[in-house]
Structure formats: structure tokens, C-alpha cells
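Input: a single structure, listed below in C-alpha cells.
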Amino acid sequence: MLGRYADNLYWMARYLERSENMARRIDATLHHALTQTNDGAAEWSSVIVSNGNAALFNEKFSGHSMANVINFVLRDQANTNSVMSLLGKARQNARIVRTALTQEVWQSLNESWISYENALKRPINIRDLPAILESIVKGSSLFRGALYGTMLHNDIFNFVRLGTFIERADNTARIIDAKYHRLLPTASALVGGPDQSQWEVMLRSVAAWRSFNWLNKGRLDPVGVAIFLIFDKRMPRSLSFCYKEISSNLHDLEMAYGRQYDAGDTARALAQTIKDGEQNNIHMSNLHDFITSFISTNNQLSLTIAKDFNLN
Amino acid sequence: MFDEMIDPDSDGARQPYASMFEWLNEQNFSKLCNQSKQAEELFRRIGITFNVYGQKDEQERLIPFDIIPRILSAQEWRVMEAGIVQRVAAINAFLDDVYNAQEIIKAGIIPSDLINRNKAFLPQMCGFKPPGGIYTHVVGVDIVRTDVNEFFVLEDNARVPSGVSYMIENRATMLQMFPELFTSNHIKQVSNYPKQLFRSLAAGARDIADNPNIAVLTPGIFNSAYYEHSFLADEMGVDLLQGSDLEVRDGKVMIRTTAGIEPVDVIYRRIDDEFIDPLSFDPQSVLGTPGLFDAYRSGNVMLANAPGSGIADDKAIYSYMPAIIEFYMGAKPLLNNIPTWRCGNPDDLGYVLDNLAELVVKEVHGSGGYGMLVGPASSQRELARFRQKLIANPDNYVAQPTLSLSTVPILTKAGLAPRHVDLRPFVLVSPNEISVTPGGLTRVALKKGSLVVNSSQGGGTKDTWVLEY
Numbered sequence: 001m002l003g004r005y006a007d008n009l010y011w012m013a014r015y016l017e018r019s020e021n022m023a024r025r026i027d028a029t030l031h032h033a034l035t036q037t038n039d040g041a042a043e044w045s046s047v048i049v050s051n052g053n054a055a056l057f058n059e060k061f062s063g064h065s066m067a068n069v070i071n072f073v074l075r076d077q078a079n080t081n082s083v084m085s086l087l088g089k090a091r092q093n094a095r096i097v098r099t100a101l102t103q104e105v106w107q108s109l110n111e112s113w114i115s116y117e118n119a120l121k122r123p124i125n126i127r128d129l130p131a132i133l134e135s136i137v138k139g140s141s142l143f144r145g146a147l148y149g150t151m152l153h154n155d156i157f158n159f160v161r162l163g164t165f166i167e168r169a170d171n172t173a174r175i176i177d178a179k180y181h182r183l184l185p186t187a188s189a190l191v192g193g194p195d196q197s198q199w200e201v202m203l204r205s206v207a208a209w210r211s212f213n214w215l216n217k218g219r220l221d222p223v224g225v226a227i228f229l230i231f232d233k234r235m236p237r238s239l240s241f242c243y244k245e246i247s248s249n250l251h252d253l254e255m256a257y258g259r260q261y262d263a264g265d266t267a268r269a270l271a272q273t274i275k276d277g278e279q280n281n282i283h284m285s286n287l288h289d290f291i292t293s294f295i296s297t298n299n300q301l302s303l304t305i306a307k308d309f310n311l312n
Numbered sequence: 001m002f003d004e005m006i007d008p009d010s011d012g013a014r015q016p017y018a019s020m021f022e023w024l025n026e027q028n029f030s031k032l033c034n035q036s037k038q039a040e041e042l043f044r045r046i047g048i049t050f051n052v053y054g055q056k057d058e059q060e061r062l063i064p065f066d067i068i069p070r071i072l073s074a075q076e077w078r079v080m081e082a083g084i085v086q087r088v089a090a091i092n093a094f095l096d097d098v099y100n101a102q103e104i105i106k107a108g109i110i111p112s113d114l115i116n117r118n119k120a121f122l123p124q125m126c127g128f129k130p131p132g133g134i135y136t137h138v139v140g141v142d143i144v145r146t147d148v149n150e151f152f153v154l155e156d157n158a159r160v161p162s163g164v165s166y167m168i169e170n171r172a173t174m175l176q177m178f179p180e181l182f183t184s185n186h187i188k189q190v191s192n193y194p195k196q197l198f199r200s201l202a203a204g205a206r207d208i209a210d211n212p213n214i215a216v217l218t219p220g221i222f223n224s225a226y227y228e229h230s231f232l233a234d235e236m237g238v239d240l241l242q243g244s245d246l247e248v249r250d251g252k253v254m255i256r257t258t259a260g261i262e263p264v265d266v267i268y269r270r271i272d273d274e275f276i277d278p279l280s281f282d283p284q285s286v287l288g289t290p291g292l293f294d295a296y297r298s299g300n301v302m303l304a305n306a307p308g309s310g311i312a313d314d315k316a317i318y319s320y321m322p323a324i325i326e327f328y329m330g331a332k333p334l335l336n337n338i339p340t341w342r343c344g345n346p347d348d349l350g351y352v353l354d355n356l357a358e359l360v361v362k363e364v365h366g367s368g369g370y371g372m373l374v375g376p377a378s379s380q381r382e383l384a385r386f387r388q389k390l391i392a393n394p395d396n397y398v399a400q401p402t403l404s405l406s407t408v409p410i411l412t413k414a415g416l417a418p419r420h421v422d423l424r425p426f427v428l429v430s431p432n433e434i435s436v437t438p439g440g441l442t443r444v445a446l447k448k449g450s451l452v453v454n455s456s457q458g459g460g461t462k463d464t465w466v467l468e469y
């Protein structure tokens, strides 16, 4: 397939995954804000900070009120990582590679875009917010289902999946990184008791609140949350799961093209690092270094894929 | 004025419309209007859109689709088809001649300057025989009708004609919305056009490869016909390339793929000549591929259509088409040409200036309905302004009488109403045959009385039926 096509497919998937993650993060934060007694400004501010958008946000708004953050993250055109911008870019990429997608995959994206374009045209009323967030996540699910059910599972599919999981791994790692200090045993003492609502936001942001509770019979401890998000191979948004998928898709490409690639080596090495961390029972005080190095290697892999497969 | 549905003598329907007329009378008007909206929704969901240059607010627009089909009888189609095949054969013979022996100039039929000093003439093509001897693999011939048996060719599109995806999608939409119509009428199908295009291109390239690697080349997502480019690549099952996907190595044209580079044999290019190759044409162009034209001249790749084909559809050449057909085909043209005054000729210019209010004046190199004057529909001020332009640069214009184009019914808020139409049938040329897909794209001027059918000027389209018998 064309290198440029692979590039557009890869980024289409990344943008779409990122928009879904944004919506989940907003949803988790909204849940937090509506159920806690404080005003939640710190939590809304952390949404902006962990997306790396603080400078632009502060230019446009004074104060992290819910309305400001929601409008910025969901529909601000100047924000290249707003859900609206991301969906526009995902659709643009899909339009470029239409011939590589089935009708169902293309239409799922196009229809989502048409409906958000309408829903996000005007400032968002908080009453409409849950429905909007739900439909963003649903649109993403529909895309995934159409992708799985109607596309050939060939190199086109592999590049889409690589985009999805590299983005997802980055997202999960960033959420852990933004909140890692809350997971340290000393943190509990600092805030006067374990701040359970923080872990809840984390788990909800990666759609894992219920599955975590189900696995742990309702026991919520910070180390358990960290181990779950990093190492649990059953959890579709854990770093371990993402790297299982990334390695397997790169392996498919190596089989299809009949040679080994640097990208495959990088992915296998990172998968091994995760495995080692699990076996050596990584200490929470090393968590920050582990995550920082993970994020950087994950980014590096993205560049290596681009180079190995002529994505440009 | 000739209406294609209503028979003025009986006030009933003309024969090809008999069954449609009955069906229309049985329909509930508001339900039809609803279905018209549904059709539009269908187009938007599939993403059948086009871009209008110079319009910022809404990048992608829908071409209005009218759900009342236009119907041609088998007999009417036979007349048109024979005329089109003859004309397109003549166009290819003409191109072969002007880029080689130039017999038609030597015979004194066309003045040398009109060819050799024409902007559309590519000296780089002289002495070169394109693969399979074909210049125009795909042609669109615009035809208008003024009476039962009066068909005129309005213009030929021998460069990169577009619209064929609308022909196919319009039919697909009608099949989905009104399946019952296709059981009560016997209609020639159009949906196999992409497969025919593939076979036709492959046949043209048989000297290059037995089983050629074919690709479509697009200027990209912002081009007004991008949907069509992706549609055709998709339906043919081939790659949709941009210039940056290609590179020329050792005279061979290669595609950059995820697994390395691989050769391409046939490029159905939907970009204009001047953007193909910055080394041979416009050095500023970022759309093209350096070295592509040399690879073409070495016979390693087939370009469809051949560069330089534009000399055949130039509006200044148009007026010579009857003579061109007679010269190469040895027979009178089967389809009429519209009488054309060449404003570069002082006698013609005098006539045009005296009768401006009755004429249609077009730019020789214009397209898309831009920069033209429809005399009877223009104000005194517009006429005066155009008169100045004509006097300043007469070579740039040709003029034609304003034809009374046929009308067909469209669905409006006030019910059915007649509107003017033209027809663009699509023609495929291979070494084996010249074939015309039955029907074509009917473009309709949606404004009452308007004669301008271009989509960039507010025109719409319709499904076009050719009956089996």
C-alpha cells in the first residue's frame, strides 16, 4: 500500500482514539465535579495541564470553570486537540484514504462528524453534555466495530490498529503520570487520608472503573490501581495490553512484507521492559521514571514506524 | 420550446415518458418532496460532495439532485451514440495528425497558427506516438437538444472530463429510493462503467504490460472533483495517488509503498497537463512528479489522457469540428455543431458586437461556466461591460446563437416544472473499440429560464435513463 495512505490511516486512528479519550476524561471529571463538595477547579485544570494546552487555554480564559474547560476541550477551533478539531482531522484523513476503507467504516466516521459538527456548533449547555459525551464514545465504538467486522485484516488494518494503540498507550501513561504523586504512599498522609475520588477519576478516564472494582471486590488501593493500569494484560487500556497489540500488529506487517523492522525490535523491547517491571514488582517510588521513559520510547516508536514504512 | 416529457398536441406524455408520466400522476406530492430530502441526506452521508473554488464558509457542498429521471428512448440514443463515436474517432485521428504529419494544415483546412500557436498545443508531444495509439481514453461530449431530432454538440471534453461518478451515484440513489420504477421500465445499466474503464485502460497499455498496474492520480482532497477520483479508484480497485507518491528511477515510474517501491504502468491522471511534471511543464508546480513526462516519452508508462489532448477541445478549434470529422472520417458529421463566430476574425467580431444581446459569448480557454455571457439573460450594463472586454481582446472569445434548449420536469416546491438541461455522455476509447455508456450525466439549470447548467453556477443533476426498447 502507499506510504502516504499508511500515514493517513495511522493518524486517522490516533486522532479518533484521542477524541474518545478526551470525551472519557471529561466524563470522568464531570462525574467527580458533580459528586464532590469542592468546586472541582483543580480537577478541571488538570485536564488542561495533562493535555499540554495550558498556554493556549490561559490566553483565552481566566479561570478553570467547568464551562470554560468543556468548551475549550470539546469545541474550540483554535485548540488543535479539541474533540471537534480531532474529529475534523480524523475525517479529513479518512477522506484522503477512502479507497482503503469500507463504506461502513467511512460512513461511521462521516456520520459522527456531521452530528458533532451540529452538536458542537454553539456553546455547550451542561444539560446536553452527558448525551454529547456518550455519543462521541459511541461513534468511536461504531467505528471500531465496523473496522473489525468489515475490513480485511491486512496491512491497512495493522496501521489503523498501530495508531489506536500507540495513542491509547500514550493516553493511559499520561493519566498515570499526571496523578502518580497521588499514588505514592506518602501522598495519602499529605492530603489526610487516601483520596479515593482521584483514583476513581483515573479509572473512569480509561473506562476501567467497573472492571477494577469487579476484579478487586471493591477494594481500592493506589498500588493496585497503578499495577492494573500498567500491567494487567486483560484490561484493553493498560500499557501491557497496548504493547501486546502493537507487537502483534508489527509482527503481522513483518510477516506480510517478509522482513524484520527496527519498529518491531523497539516494540518488543518495550513489551519486555513492561514484563520485567511486573516481575520485579516495580516500586512506586520508581513509577515516575518508568512512566516518563515509557512515554518517550512510545513516541520514538511512532517515528520509527514512520521511517520504516515510508509514512510521509 | 421543446419539452422532453409533454407532447404539446395531446398534453399527455411523449412515448419514452409514458410509464413515468403515469407513475408521477399516482404519487403523493408531499411524499415525493420528502423523498427528495432523503436523497440529499443519502448523498451527504456517503460524502458525495464537491468543493467550490473561492468559497470559504462551506468547503464541501452537495450538487443538488433532482429525483425525476430524464428519459431517452432507445432510438434517440442510437442516433446520439453513433454521432458520438464518429466524433471521438475523429478527435483521436486529429490529435495523431497535429502531433505528427499535420496533414490537415497542409490540406488548408485549419490555419497553422491556430494549432501551432495555440496554448493547448504541446510541442513536447510532437513526433511521439502514445501507447496503443490512443490520445483520449476518456471523453465527455456535451450535447444539447432543441427538438425531437435536433441534437447539437455544445463542446467536447478531451482533457480530464468529470461527472461520471454522479452519473453512477444518481442511478444508485434512484435504485435505492424507487426500486419499483426499475421493474416497470427497462433501463440500460450504467454501473459497470468503472470496470469498463479498467479494461479499456488495460487494453490501451498492452504494449507496456500484459497485466498492467493501474492507478488514478489526483491533485488531492481540495480539488473540486476529489470525490470522483476516490470513487473511481475505489470502484476499479486501484491506488489513488498524489504526485508525491511517485518517483522516477531509471526511467521507470515507481510508487512509494509501505513495503518499498513498486512500478506503475498506467496513470489515469486527473490533473491538468501543466501540473504533471515540473521538469517538463510548470516548474512552480508542487502537484507533479519530476521526470514523469520523460518516462512517458520513453514508453514506460501510459498517461490517460495523453498530454496535449486539449488542442482537440479548444473552443477555437470547435468551429472546425465538422470539417475535421469530414477530413478524417470521410463522411458528414452525424451530430450538429453549433454555428460559431470566431471573434478574432474582424467580420465575425462585427457581427457579434451588433448582435450581442442575442448571443452566447465564451472564453476560448474558459470552462465551468465562468467568464461567459448569455446575451438574452444579461442587463444593459453587463452587455456594455462585456462589449469592452470583447473589443480589448477579441481573440479570446467565440460566440454562438442562444439555443432554445430542451426542458425536462424537475420537482420544485410548487410541483413539477420544466427546466433546461444538457447531457454529458462518457466515452471510453481503447485500441479495440469506442464505447459510450448509455445515458450520461444530465445537468439541469434549477433556476427558471436559466440556460447555465454548470454545478459551479447553481446547476443540479438528474438520473438519465436510456430505455432498452
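Residue numbers (this note's numbering), protein chains in the order written: chain H, 1 to 312; chain X, 1 to 469.
Beta carbons are placed, not taken as given, at the ideal position from N, Cα and C, and that holds for glycine.
Exposed or buried, which one is residue i when buried takes at least 16 other CB atoms within 10 Å?
| i | result |
| --- | --- |
| aspartate 113 of chain X | exposed |
| proline 425 of chain X | buried |
| arginine 91 of chain H | buried |
| tyrosine 469 of chain X | exposed |
| glutamate 43 of chain H | buried |
| glutamate 228 of chain X | buried |
| leucine 335 of chain X | buried |
| isoleucine 68 of chain X | buried |
| glutamate 20 of chain H | buried |
| glutamate 134 of chain H | exposed |
| threonine 266 of chain H | buried |
| tyrosine 148 of chain H | exposed |
| lysine 448 of chain X | exposed |
Answer yes or no: do residue i and residue j have a C-beta to C-beta separation smaller than 7 Å?
| i | j | result |
| --- | --- | --- |
| isoleucine 168 of chain X | serine 191 of chain X | yes |
| glutamate 167 of chain H | arginine 25 of chain H | no |
| isoleucine 274 of chain H | serine 240 of chain H | yes |
| isoleucine 91 of chain X | alanine 323 of chain X | no |
| aspartate 170 of chain H | isoleucine 291 of chain H | no |
| leucine 446 of chain X | tyrosine 166 of chain X | no |
| tyrosine 193 of chain X | threonine 437 of chain X | yes |
| tyrosine 397 of chain X | valine 360 of chain X | no |
| serine 36 of chain X | serine 200 of chain X | no |
In whole angstroms, what is the alpha-carbon distance linking residue i and residue j?
| i | j | result |
| --- | --- | --- |
| asparagine 170 of chain X | methionine 255 of chain H | 42 Å |
| aspartate 201 of chain H | serine 50 of chain H | The residue asked about is misnamed: residue 201 of chain H is valine in this sequence, not aspartate. Near 13 Å, if we compare the C-alpha coordinates of serine 50 of chain H and valine 201 of chain H. |
| alanine 78 of chain H | leucine 34 of chain H | 28 Å |
| alanine 28 of chain H | glutamine 27 of chain X | 52 Å |
| glycine 193 of chain H | glycine 220 of chain X | Legend: pLDDT at glycine 193 of chain H = 48, less than 50; position of this residue unreliable, value from coordinates given subsequently. If I take the Cα positions, the gap works out to 58 Å. |
| serine 456 of chain X | asparagine 213 of chain H | 59 Å |
| glycine 291 of chain X | histidine 365 of chain X | 27 Å |
| arginine 385 of chain X | tyrosine 370 of chain X | 15 Å |
| alanine 55 of chain H | lysine 179 of chain H | 20 Å |
| glutamine 284 of chain X | isoleucine 295 of chain H | 41 Å |
| leucine 349 of chain X | proline 394 of chain X | 7 Å |
| phenylalanine 198 of chain X | proline 64 of chain X | 29 Å |
| aspartate 11 of chain X | phenylalanine 21 of chain X | 11 Å |
| alanine 226 of chain H | tryptophan 11 of chain H | 28 Å |
| valine 421 of chain X | leucine 356 of chain X | 23 Å |
| glutamate 278 of chain H | lysine 233 of chain H | 11 Å |
| valine 153 of chain X | arginine 443 of chain X | 15 Å |
| glutamate 104 of chain H | phenylalanine 151 of chain X | 42 Å |
Per the DSSP calculation, residue i is bridged to which residue(s)?
| i | result |
| --- | --- |
| asparagine 337 of chain X | X:Val153 |
| serine 397 of chain X | Residue 397 of chain X is actually tyrosine in this sequence, not serine. In DSSP, tyrosine 397 of chain X forms a bridge with X:Glu363. |
| proline 263 of chain X | X:Met254 |
| tyrosine 268 of chain X | X:Val216 and X:Ala304 |
Between the region 38-52 of chain X and chain H, which residues of the former have CB atoms less than 8 Å from a CB of the latter, in chain order? Arg44, Arg45, Ile46 and Gly47
Chain H contacts from the region 179-204 of chain X (Cβ-Cβ distance under 8 Å): none
Residues within the region 222-240 of chain X neighbouring chain H, beta-carbon criterion of under 7 Å: Residues of the region 222-240 of chain X whose Cβ lies closer than 7 Å to any Cβ of chain H, in chain order: Ser230, Ala233, Asp234, Asp239 and Leu240.
Give me the subset of the region 257-271 of chain H whose CB atoms are less than 7 Å from a CB atom of chain X, sorted by chain position. Tyr257
When Cβ atoms are compared, which residues of the region 222-240 of chain H fall closer than 7 Å to chain X? none
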